[in-house]
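The structure under discussion appears below in the form of structure tokens.
Chains as they are written, first to last, in this note's numbering: chain A, 1 to 440; chain B, 1 to 175; chain C, 1 to 369; chain D, 1 to 373.
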């Protein structure tokens, strides 16, 4: 991305600036863009969520401020800014103040590795995915700080729940991503996106598939299971219904946010919605090809790329626009699904959430990991790696075999797990009842 | 659907728990007016039970007659007659009309044995009666005010409780 | 060993899901409830004292404010008590209109009660919004008949305020077409929902014997498996002329109470259909007894109870022969149904408390009186 | 829990146990079905659907732009009715509503005939505390004269609490207004209400019981008529044989005309009496009503003026200057009622004027009776 900016500034505008100035300028530019885009996404998401969920409830939603109410989030923001910032007397003032910052900072940092379009990633880290998840878990510290510093029992309960939930749901999230990482063989987010070129079938799995940018992982059994598991885990990470337990307003008021008001409260909201955006974005990137879509790959190939430095800059812009369009479209669709779930479901209890995470999601994603390994073995391994069955098979056959085997494994594991899980739940309920009646 | 008239109940109670019954005398609810039509006396047909025997009578109603659903305990303050009347109302779970036991206690010493240890349904009824009328239920596990705050003085549903005045308005700022 | 300490949490009086100003002093061990003490009275206005200072008719609008969801049911119980006390006959058409109104009340109460309970479980208002939609329609009907949506003040001693307006019955028939669709949809939305099952099954169990000994009534009692319904047990008004079933639960948990409420809505709809079939025409009697503004019952007492949507609602009245009741006692179902709350919650999680409370379906206007 | 120990028979119906089937193994289908329900609502909600028989589609009302449909029986706050044609209020201050009102927010005082001091079937002041009103509708229900009705107006919010104590001037609405908002309910009671009103109007002297909204108009009209009448009376005095102020026969009299007639008759009487006295005494007769006639647009100012003059005259009369007082009589009739119609903007002045007028009237009465005997 920076080389493209450098090329644009020095080449197209012909200013001939020194390297360091160019770098400084482009970094500042990109950071500014990211820092502006993040709150804008949050503003849009609050409006979007309220409108969508209102429609699901046969209502209209906010439509007073501006045409169709699009300035509603601005009005909310103004309200947040002008509200009194109350700190409880018994609170730990410093920690109380720091907590929202600690929560917001990682969510903004996570933008660094999100690719918006072809060649439009602020920092293309080779370990982008690792960075993303490593950073995201920092906010749990902030939540705990908020809950502890507020000196409120509801806050404390909420923070405890939040931390427990975040820590335990990172495991299935990461496990489901590892399946993809195994297939791709890289932690770089750009690589993962690049892998998903193709049509239904990725053209890396099956060379010769035309590149329409539709070779998404979600069309493979491994990717589908990983997608479902990851999306569920993402709901828990982003504290969305049915896993909005840390801030379950009907139980513990607002969880760790109970004692916050004004813009500090707003910052928690910002962090939460930005995180939701990022989780939707990462779902779209990992399983739905990110900016991949019909036309983007071709357009980008015509533009200035490291491989093709003599391309036309106009194509870069066109590819960027189209890529960002696809990317945001997918992201917003996932957010719609989040809102949809919120509209449809009640929430789980904290122990049920833990049960579900540890007893269902983790075994399921582990099995999926195994499937992913098989997928790689069937599609790529040869005799050298000891895979002797597939010797002499055509690539189509190999792909088909991989598909069928992983599908069978994943489906079987799913059905078996539902049974086991239901039985364990029934057993647990029975034990609890016994305990209760013994107590009585 | 068992039906039981008050007279039947009285007859059965007289055989089962003869010591529990008291002969009810008609009450004058209000002082008779000096002129004009006299309102008449209040004389319900239901059996009137001696307070000491209330628990045994109520449990007899529940266990022997099967009226296992304690619906209501109403306290009436007969200021002119100088007594509280407690109206216990029981229903049969298979349906039918109620049977009623009445207890009268003097206003200056309103003490009734509590049903709550034997029959948890009476819990809130008794607490309400204690809160609003000051009827003391001996043996109640948690006889605290239920509506009014604990520091409240007086019993607001008594007929001699002042209906107006701001005696309690300043209470909070003082405390 | 780490030193552990039980935590005391005040849920309420200002809390999103206490259905008003209700406080539960909860002792928790981690997230498990060790003990719970319901504390209320924040809305106490000494309703009974106010009523004893008013004339009989003046109390009618005050009864609206008891259980403000079901003002029609409150009106009915109070009107019945005064009619019993003063020996007033009610014309047949008025009785049918009363039944119609109370059954509509039951539907709207259950629709919103189920919605609120699911809300307490954490659904973001959607079942509630669907329920509120039907409720709004019913409130529209109430407005047509009585002039007000919530505080209907529609019943009078010996009748109702005025006859049904001409547009009432057609609109009601339209509504009856929507009700089955609504109830089916609610079942589709929630009945098999795995999350709801997880949250509702085995939670807040109240066994039948315990329920009876606690004196609870209404859907809570029936959810525990005791088919006690005042409409059947001691038929009042014209309820003995209708065919309807009494749904009961199996276990007595939150899920049973939820299912009982849904089934009761269906039964109420059945009753309304029968009312429409049997409704006598307007010539049957003067249903607005203007002459009965100053009731002066003879000395005596009367107790009347109805199956209000929340349970057995009773009014105990003692008359001293004047125009004001000497004693006016409300047997409020929400209040008594709270008696077993502590026992129902003990041993469950904090998150279950609000669900159990939601499944009892209380209205603080009635609890605190 | 297997067999319930409570095997209970139920008349006309069964006891049905709910279907729980909670032992089934579930795979998440219930979740998907729930999502389908919500999806359908989302999809349909882009259409407006307010039919009672539908459960899909948006049914909200965009309130300020779109007004809710209000049924006839709707009751919000009580209002008082007056007759459009004559301006007479239907209220007779029978106190039924004040008695029945559960929160006791209705207060009224009965009007008194200024001449005799006897109560008349009309209301002098009527106050409803809207802020404490519980909209139960009892007042409208018990009113035997259908004078108090429940309004449909619900936008009553205000930042001024005192404005929710509503006086008669703001409570009054013409019958036509009520007939518009509740046509059938008014049609039911129209006959009897108007008949009762006719009966009451006959017992109301002068302008008592008139809606204050109409007073400007009525005062102006009346002053005009009075001026005419005085002229007619003067003419009559010149030729005493003719009762010149005979009204036009054969049509209903509006209250203004009635009042004018009264004034005319009084003026005629005065003129006759004045004739027997010295001309100098009769001279003050025309000027008194004249100011009212001249200053028709600012009627209440004129009325105040008249009242002050009348008061002065009365004072003089009290001091024993008998001759000057007699002619005041017709004027104080005017002065006595017009200030009551003055808007409440200047209450103290209004009150003073009224006081003065009443005093003047009393003095005049005394004088008159003394003279007549």
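Quick reminder that beta carbons are idealized off the backbone N, C-alpha and C, glycines included.
Query                                                                                                                                                                                       : Result
Taking all protein chains shown into account, decide if residue 107(D) is buried (16 or more other Cβ within 10 angstroms of its Cβ) or exposed.                                            : exposed
How would you write the range of the alpha helix (DSSP H) that residue 323(C) sits in, first residue to last?                                                                               : It is not in any alpha helix (DSSP H) - residue 323(C) carries neither H nor E in the DSSP assignment.
Have a look at residue 30(D) and residue 219(C) and give me their C-alpha separation to the nearest angstrom.                                                                               : 25 Å
Closer than 9 Å by beta-carbon distance: list the chain A residues that pair up with residue 274(C), in chain order.                                                                        : Going along chain A, no residue has its Cβ under 9 Å from residue 274(C), so there is no contact; the nearest lies around 30 Å.
Spell out whether any CB of chain A is found under 9 Å from the CB atom of residue 122(C).                                                                                                  : yes
What does residue 105(B) reach in chain C if we use C-beta pairs closer than 7 Å?                                                                                                           : Under the 7 Å cutoff, chain C gives no residues; its nearest Cβ is about 16 Å from residue 105(B).
Could you say which of 131(C), 156(C), 60(C) lies nearest to residue 265(C) if we only look at CA atoms?                                                                                    : 131(C)
Relative to the C-alpha of residue 204(C), which residue among 184(C), 16(C), 271(C), 253(C) is closest?                                                                                    : 253(C)
Mind checking whether residue 293(C) and residue 57(C) have CB atoms under 9 Å apart?                                                                                                       : yes
Output yes or no for whether 9 Å exceeds the beta carbon distance between residue 355(C) and residue 117(C).                                                                                : yes
Roughly how many whole angstroms lie between the Cα atoms of residue 60(D) and residue 116(D)?                                                                                              : 59 Å
Would a check of beta-carbon distances place residue 125(C) closer than 9 Å to chain D?                                                                                                     : no
Check the C-beta distance from residue 262(C) over to residue 183(C) and give it rounded, since I have them as a contact under 8 Å.                                                         : 6 Å
Which same chain residues, not among the five before or five after residue 12(D), have their C-beta less than 8 Å away from its C-beta?                                                     : none
Kindly list, in the order they appear in chain A, the residues whose Cβ is closer than 7 Å to that of residue 60(D).                                                                        : 59, 60
Determine the DSSP secondary structure at residue 395(A), reduced to helix, strand or coil.                                                                                                 : helix
Could you give the DSSP three-state label for residue 318(A): helix, strand or coil?                                                                                                        : helix
If you follow the beta strand (DSSP E) that residue 365(A) is part of, which residue opens it and which one closes it?                                                                      : Counting along the chain, residue 365(A) falls outside any beta strand (DSSP E), though it belongs to the alpha helix (DSSP H) covering 362-379.
Taking the alpha carbon of residue 169(C) as the reference point, which residue from 322(C), 352(C), 275(C) has its own alpha carbon closest?                                               : 275(C)
Could you give the C-beta distance for residue 246(A) and residue 165(A), rounded to a whole number, given that I count them as a contact under 8 Å?                                        : 6 Å
Residue 155(A) and residue 255(A) - do their beta-carbons sit closer together than 9 Å?                                                                                                     : yes
Answer yes or no: does any C-beta atom of chain C fall closer than 9 Å to that of residue 183(A)?                                                                                           : no
Tell me whether residue 341(D) sits in a helix, a strand or coil according to DSSP, three-state version.                                                                                    : Note that residue 341(D) has pLDDT 41, beneath the 50 cutoff, so the model's placement of it is unreliable and the number below is only indicative. Helix at residue 341(D).
Taking a Cβ distance cut-off of 8 Å, strictly less, list which residues of the segment 241-255 of chain A are near chain C, in chain order.                                                 : 241, 242, 244, 245, 248, 249, 250, 251, 252, 253
For residue 301(C), which beta-bridge partners are listed by DSSP?                                                                                                                          : 318(C)
At a cut of 8 Å, does the segment 272-291 of chain A reach the segment 331-339 of chain A through at least three beta carbon pairs?                                                         : yes
Which residues mark the beginning and the end of the alpha helix (DSSP H) in which residue 43(A) is found?                                                                                  : 19-56
Kindly list the residues whose CB is nearer than 8 Å to the CB of residue 161(B), restricted to its own chain and excluding five residues on each side of it in sequence; keep chain order. : 154, 155
Residue 36(C) lies in the beta strand (DSSP E); which residues open and close that run?                                                                                                     : 32-39
With residue 353(C) and residue 337(C) assumed to form a contact (beta carbons below 8 Å), what rounded beta-carbon distance in angstroms separates them?                                   : That pair is no contact at about 15 Å.
With a threshold of 6 Å on Cβ separation, who are the neighbours of residue 143(C) within its own chain once the five nearest residues in sequence on each side are excluded?               : 149
I want to see whether chain D comes within less than 9 Å of residue 338(A), judged by CB atoms only; does it?                                                                               : no
Round the Cβ separation of residue 303(C) and residue 314(C) to the nearest angstrom and send it over; I've been treating them as touching at under 8 Å.                                    : 6 Å
From residue 60(C) to residue 83(C), what does the alpha carbon distance come to, in whole angstroms?                                                                                       : 13 Å
State yes or no: is the beta carbon of residue 151(C) nearer than 9 Å to at least one beta carbon in chain D?                                                                               : yes
Check whether the Cβ atoms of residue 66(C) and residue 47(C) lie closer than 9 Å to each other.                                                                                            : yes
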